[in-house]
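In our numbering, the protein residues as written are 632 to 1044. Here is the structure we will look at, set down as structure tokens.
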RNA sequence: GCGGGCGUAGCUCAGUCGGUUAGAGCGCUAGAUUGUGGAUCUAGAGGUCGGGAGUUCAAUCCUCCUCGCUCGCCCCA
């Protein structure tokens, strides 16, 4: 038996768990204020759900999916991202009768990749989807929502919003042709990786990190040169919306999307503090997705954020609550201790009850847990129906009647 | 999937140019203190030196394989 977590998975405990929770609670709270309702889709779906929507040639499909055949003979895949499941729910749950659908989700995703800092095989995402509206206001809303979450997490200064447009499907496809023919002329000078991209995903050449590629890319035709009027107007609308709300962004004409269903808006909130894993929140518009899955054509826009990556940017763990330590003194205190701890917990206190050792040991433990106060239950006090309460910051001690204990501890809550 | 670096106690790390019982600090357990914390002193527990194979009289150290971590590439949150 191998006593280690599977590669790319890990146990998340204590401080790190607290940071994750802070990311999720902050995101959920902000999303609710924007009218987004929580949705929880299954963490596995029929394989086709992801195969169809992610595009047969994307890396996610060809080499990164956790796929297996279940006992009923169906091909099942652990979700590598959240959008496809939401789109599937929209169709199979009849939610398209009640558009717009505004939802927030959080939970684990799975990709079979080589782990790195901020990248795991089981990782966790928060995300929102806005299905129905096909106009730039919707894109502005989800971007502003993301910016708002980062603001509440105190990460505005550590991230930059990069923005681009891929144009509508007509413009994107025209641009694809122009781009492929340009790169064909320079094919011999392209890196090996980019020669492969040229066949499978030419847009990806634009954000290649290879020096030689970058020189060729510098003179490549730009997206907007292939835009029709509608695409130009759409992007202008998004920019205007962000401007009016004073959300800072940087247009990055090389920003593209790996997944096939994106159109128009593409954006990423990036940081330079996580090495190669710069993107902490990324998303865009995916008007063709629902139709590809067999539903009525439904525009959509949204994003996903990496909880691990966001948590890594957070400064410290949120302060743990300071408990009240209950300390039985001698045999006589043992039974009352559990009873009083129970009462105080029901009264809403965070209570720590040591399990063994003399008073000195228990005090050391209380101190290590950063307890705010200690309640001593000794034979003498109990005989009088009292307990001794010690303020662990000041060292001050007072005797308090057991019946008034909960009230007396109010200032240490 | 490709390339580089690294795996010695719970944590951070020494160390052995191949040689007997592998060390430190912190942490942990206990005592000094059977009714009072943070300090101090004392004692103790804790290691298949990541795993396997090879070379050798002898391997934690050298070689190979493997697992894991890490950085970069691919791709992506």
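Note that CB positions come from ideal geometry on N, CA and C, so glycine has one too.
Simplified DSSP state of residue 655, which is helix, strand or coil: helix
Where the alpha helix (DSSP H) containing residue 682 begins and where it ends: 678–685
Under 8 angstroms between C-beta atoms of residue 768 and residue 661: no
Inter-stretch contact at 8 angstroms, needing at least 3 Cβ pairs: the region 892–905 / the region 780–794: yes
Residue 705 - DSSP class collapsed to helix/strand/coil: coil
CA-to-CA distance, residue 728 to residue 708, given in whole angstroms: 28 angstroms
Length at least 4, wholly inside the region 808–896: the alpha helix (DSSP H) runs in chain order: 823–831, 842–849, 860–875
Buried or exposed (CB count within 10 angstroms, at least 16 for buried), residue 840: exposed
Three-state secondary structure assigned by DSSP to residue 767: helix
Straight-line Cα distance separating residue 933 from residue 670: 14 angstroms
At least 3 beta-carbon pairs within less than 8 angstroms: the region 741–758 vs the region 867–883: no
Continuous beta strand (DSSP E) stretch holding residue 916: start and end: 910–916
Proximity test, residue 1028 beta-carbon vs the ligand FAD heavy atom, cut-off 7 angstroms: The ligand FAD is not among the ligands present in this structure, which contains no ligands whatsoever.
6 angstroms CB neighbourhood of residue 917 in its chain, flanking five on each side removed: 892, 893, 931
Simplified DSSP state of residue 695, which is helix, strand or coil: coil
Assigned secondary structure, residue 728 (DSSP; H/G/I helix, E/B strand, else coil): helix
Coil, strand or helix - residue 950 by DSSP: coil
Pair within 8 angstroms by beta-carbon distance, residue 800 and residue 919: yes
Closest residue to residue 832 among 803, 858, 1023, 842 (Cα-Cα distance): 803
Chain-order list of residues whose beta-carbon lies under 6 angstroms from that of residue 1019 (same chain, five-residue window excluded): 1007, 1012, 1028, 1030
Helix, strand or coil at residue 740 according to DSSP, with G and I counted as helix: strand
Cβ-Cβ separation, residue 749 to residue 945 (assumed contact under 8 angstroms), whole Å: At roughly 13 angstroms, the Cβ-Cβ gap does not stay under 8 angstroms, so residue 945 and residue 749 are not in contact.
Alpha-carbon spacing of residue 763 relative to residue 807, whole angstroms: 27 angstroms
Contact under 8 angstroms by Cβ, residue 745 with residue 676: no
Whether residue 1037 touches residue 974 by CB criterion (8 angstroms): yes
Beta-carbon gap between residue 809 and residue 857 smaller than 8 angstroms: yes
Sequence-distant residues of its chain with Cβ nearer than 6 angstroms to residue 921 (five each side left out): 718, 929
Residues of its chain near residue 813, where Cβ-Cβ distance is below 7 angstroms and the 5 sequence neighbours each way are ignored: 851, 852
Endpoints, alpha helix (DSSP H) assigned at residue 717: 714–723
Beta-ladder partner(s) of residue 1062, from DSSP: The shown model of the chain, from 632 to 1044, leaves out residue 1062, and the question about it has no answer.
Where the alpha helix (DSSP H) through residue 1011 begins and ends: 1010–1014
Residues of its chain near residue 722, where Cβ-Cβ distance is below 7 angstroms and the 5 sequence neighbours each way are ignored: 921, 924, 925, 926
Three-way DSSP call (helix, strand, coil) for residue 640 in this model: coil
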